[in-house]
Amino acid sequence: MDPDSRQPDQEGPLQGLSQAGRRPARLRRPAGRRRRLPGRRRRAARHRLRQLCNGGNDSSLHPSREPDHLQYFGGYGRHSRKERPRMIRIGIIGLGFMGRAHLENYIRLAKEGVAVQVAAICDADPAKLRGEGGGGNLDAGTSQLDLSSFSLYTSLQEMLDKEQLDAVDIALPTHLHRSVTVMCLEEGLHVLCEKPMASNVAECLEMLQASERTGKSLMIGQCLRFWPAYVYLRDLIAEGTYGKPTYAYFYRGGGTPDWGPWVLQKDKGGGALLDMHVHDTDVVNWLFGMPEAVSTQAANVIPGSGYDIVSTHYRYGGGEVVHSQVDWTLNGDFGFEMGFRVNFERGNVQFSGGAVKVNPNDAPGFEAVLADDQGYYYELKYFVEKLLAGEPIEEAHPVSTMSTIAIVEAELASADKRGEWVSLAGAAVK
279 MDPDSRQPDQ EGPLQGLSQA GRRPARLRRP AGRRRRLPGR RRRAARHRLR QLCNGGNDSS
339 LHPSREPDHL QYFGGYGRHS RKERPRMIRI GIIGLGFMGR AHLENYIRLA KEGVAVQVAA
399 ICDADPAKLR GEGGGGNLDA GTSQLDLSSF SLYTSLQEML DKEQLDAVDI ALPTHLHRSV
459 TVMCLEEGLH VLCEKPMASN VAECLEMLQA SERTGKSLMI GQCLRFWPAY VYLRDLIAEG
519 TYGKPTYAYF YRGGGTPDWG PWVLQKDKGG GALLDMHVHD TDVVNWLFGM PEAVSTQAAN
579 VIPGSGYDIV STHYRYGGGE VVHSQVDWTL NGDFGFEMGF RVNFERGNVQ FSGGAVKVNP
639 NDAPGFEAVL ADDQGYYYEL KYFVEKLLAG EPIEEAHPVS TMSTIAIVEA ELASADKRGE
699 WVSLAGAAVK
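Given below as structure tokens:
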């Protein structure tokens with residue numbers, strides 16, 4: 279059943295959204311009807327992803343050679359007004375953990391002189407609009423917030439009708455990303471949508487096509503592309519500082535998430551594979567491009583949640599050994615950890631405990647000097663500054679993040695087959 283054919287949970291961030299106004303059909307269909315892309319559109323999805331992933335020796339996904347987005351979309355991402363906006367007015371949709379983290383950073387950017395203003399906030403849960411809730415697995419989005427200076431809404435359509443916005447920041451459960459993103463793009467708004475881009479490649483393609491059709495920017499919140507430690511690693515690889523990478527291992531893990539009932543429902547959150555593991559799959563895609571094939575071992579521990587423990591090997595033609603792992607059943611006092619270890623021809627680098635240690639083969643090791651800020655800050659700063667400048671989005675572009683979801687789909691297929699290698703040749707869309 280298509281997720282959008284169900285009513286959201288009572289405590290969900292968009293309870294009653296489908297009754298909000300003039301476009302209910304975009305967010306709700308009669309129960310029992312499965313929405314399926316027509317054959318022509320599925321074939322178009324295959325063709326588009328093959329072009330993007332295989333054309334030009336995968337150069338469109340190489341970290342040092344971002345795709346020429348204007349070539350694909352003819353001016354995609356440029357502000358449609360004759361003059362660049364003097365102030366970006368943003369509406370935040372969803373005030374859970376991630377929505378609060380984004381709000382804190384927009385407030386900070388405004389205090390630093392960036393021309394951005396959070397004009398309105400929408401969440402169907404009145405308790406969240408009172409500043410309650412919002413816990414997560416990182417030290418962000420957890421402070422008490424005074425929301426008295428913002429226009430607050432429990433109806434998304436009412437917010438869109440009443441507010442003069444330039445962009446929205448969508449921080450909703452995964453199964454709502456596609457429908458709400460398309461709705462907001464068609465309202466003439468630029469969109470930053472939280473990761474993962476969507477539940478599957480077909481939904482990603484709908485979002486991409488809506489952005490192309492409306493001429494509005496779409497950026498996906500794959501925050502590790504802006505996280506200082508991962509940016510440092512990207513630069514080491516791109517510059518060849520210690521030669522080519524020969525081995526890469528990425529990991530993250532922590533306690534079972536409890537910031538919303540949807541996150542542990544397979545059809546809404548996708549399990550740890552789609553909700554948490556997607557971070558490292560996206561980093562693998564960002565740094566190394568589309569793999570030839572994947573092999574995934576995974577286990578379901580929490581009833582109804584999908585795969586909770588995931589381990590994937592990615593096959594590349596250059597011989598690199600690339601592996602990532604996630605586990606969100608590490609309860610008790612474990613806390614949360616994320617990191618990586620990458621071997622190069624002339625050294626290795628490790629990110630652990632918040633520090634990056636570099637170990638050249640022919641010199642003493644040292645700790646890299648990195649900015650203290652989390653990736654959320656740089657991600658939102660980039661988004662706002664691109665809109666202010668009227669320039670296209672290049673980092674975390676939906677073309678690249680859609681290919682990440684294609685890899686995730688292959689990982690899921692492999693896990694269902696107990697680790698059988700699944701080819702990504704052509705990155706065919708099911």
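According to the working numbering, the stretch in the sequence shown is residues 279 to 708, in order. Beta carbons: idealized from backbone N, C-alpha and C, even for Gly. As the structure is a computational prediction, the values presented were derived from the model and not from experiment.
Continuous alpha helix (DSSP H) stretch holding residue i: start and end
i      : result
HIS453 : First-last for HIS453: undefined, no H or E at that position.
MET376 : 375-389
TYR508 : 506-517
Pairwise C-alpha distance: residue j and residue i
i      : j      : result
TRP764 : GLN575 : The structure shown does not extend to residue 764, since the chain is modelled only from 279 to 708, so the question has no answer here.
TYR592 : GLY466 : 39 angstroms
ALA248 : PHE622 : The question about residue 248 has no answer here: the residues shown for the chain are numbered 279 through 708.
VAL458 : HIS601 : 33 angstroms
ALA577 : ILE587 : 5 angstroms
ASN478 : ALA684 : 7 angstroms
ALA405 : HIS675 : 33 angstroms
TYR354 : PRO670 : For TYR354, the predicted structure reports a pLDDT of 34, less than 50, and the residue's modelled location is therefore unreliable. The matter cannot be settled from this model.
ALA703 : LEU387 : 42 angstroms
ASP536 : ASP553 : 13 angstroms
LEU454 : GLU657 : 21 angstroms
MET485 : GLY493 : 12 angstroms
TRP505 : GLN652 : 6 angstroms
LEU502 : SER681 : 16 angstroms
GLY372 : THR590 : 31 angstroms
SER701 : GLU570 : 6 angstroms
THR679 : GLY531 : 22 angstroms
ASP605 : PRO539 : 18 angstroms
GLY275 : SER573 : The displayed coordinates of the chain run from 279 to 708. Any statement about residue 275 would go beyond what the structure contains.
ILE515 : VAL636 : 13 angstroms
PRO345 : ARG408 : At PRO345 the pLDDT is 35, less than 50, meaning the model places this residue with poor confidence and gives no usable figure here.
CYS400 : ALA449 : 10 angstroms
GLY597 : PRO523 : 10 angstroms
ALA633 : GLU464 : 43 angstroms
ALA228 : ASP694 : As shown, the chain starts at 279 and ends at 708. That puts residue 228 outside it, with no answer to give.
VAL599 : VAL509 : 20 angstroms
GLY377 : ILE370 : 7 angstroms
GLU410 : GLY374 : 9 angstroms
GLY643 : GLY391 : 38 angstroms
ALA402 : HIS380 : 18 angstroms
MET437 : MET365 : 19 angstroms
ALA480 : LEU690 : 15 angstroms
CYS462 : LYS473 : 17 angstroms
CYS471 : ALA641 : 43 angstroms
GLY595 : GLU672 : 26 angstroms
VAL394 : SER429 : 15 angstroms
TYR585 : ASN609 : 16 angstroms
GLN487 : ASN639 : 48 angstroms
TYR654 : VAL469 : 15 angstroms
ARG624 : ALA526 : 14 angstroms
ASP282 : ALA397 : Here the model assigns ASP282 a pLDDT of 41, short of 50, so the residue's position is not dependable, and the following value carries that caveat. The straight-line gap from Cα to Cα measures roughly 28 angstroms.
SER692 : VAL686 : 10 angstroms
Residues bridged to residue i (per DSSP)
i      : result
LYS256 : Absent from the model: residue 256. The displayed extent of the chain is 279 to 708, so no value can be given.
CYS482 : CYS482 is not bridged to any residue.
ASP447 : ILE370, LEU470
PRO404 : Paired residue(s): none; PRO404 is not in a bridge.
ILE587 : ALA577, ASP605
GLY521 : THR519
ARG593 : ALA571, VAL599
ALA393 : ALA393 is not bridged to any residue.
VAL700 : VAL572
ALA526 : VAL600, VAL620
ALA398 : GLY369, SER429
Element boundaries [beta strand (DSSP E), containing residue i]
i      : result
TYR431 : 429-431
MET437 : First-last for MET437: 434-440, but that is the alpha helix (DSSP H), not the beta strand (DSSP E).
ASP605 : 599-605
ARG710 : Nothing about residue 710 can be read from this structure; the chain reaches only from 279 to 708.
MET497 : 496-499
| task | Please specify which runs of the alpha helix (DSSP H), each continuous and at least 4 residues long, are wholly inside the stretch 530-577, giving them in chain order. | result | Taken in chain order, the unbroken stretches of alpha helix (DSSP H) that lie wholly in the stretch 530-577 and span 4 residues or more are 544-547, 549-553, 555-566.
| message | Three Cβ pairs or more, each shorter than 8 angstroms: is that satisfied between the stretch 495-506 and the stretch 661-674? | response | yes
| Inside the stretch 650-693 only - alpha helix (DSSP H) runs reaching at least 4 residues | Segments of the alpha helix (DSSP H) lying fully in the stretch 650-693: 653-667.
| query | Taking three-plus beta-carbon pairs below 8 angstroms as touching, is the stretch 539-552 in contact with the stretch 442-456? | reply | yes
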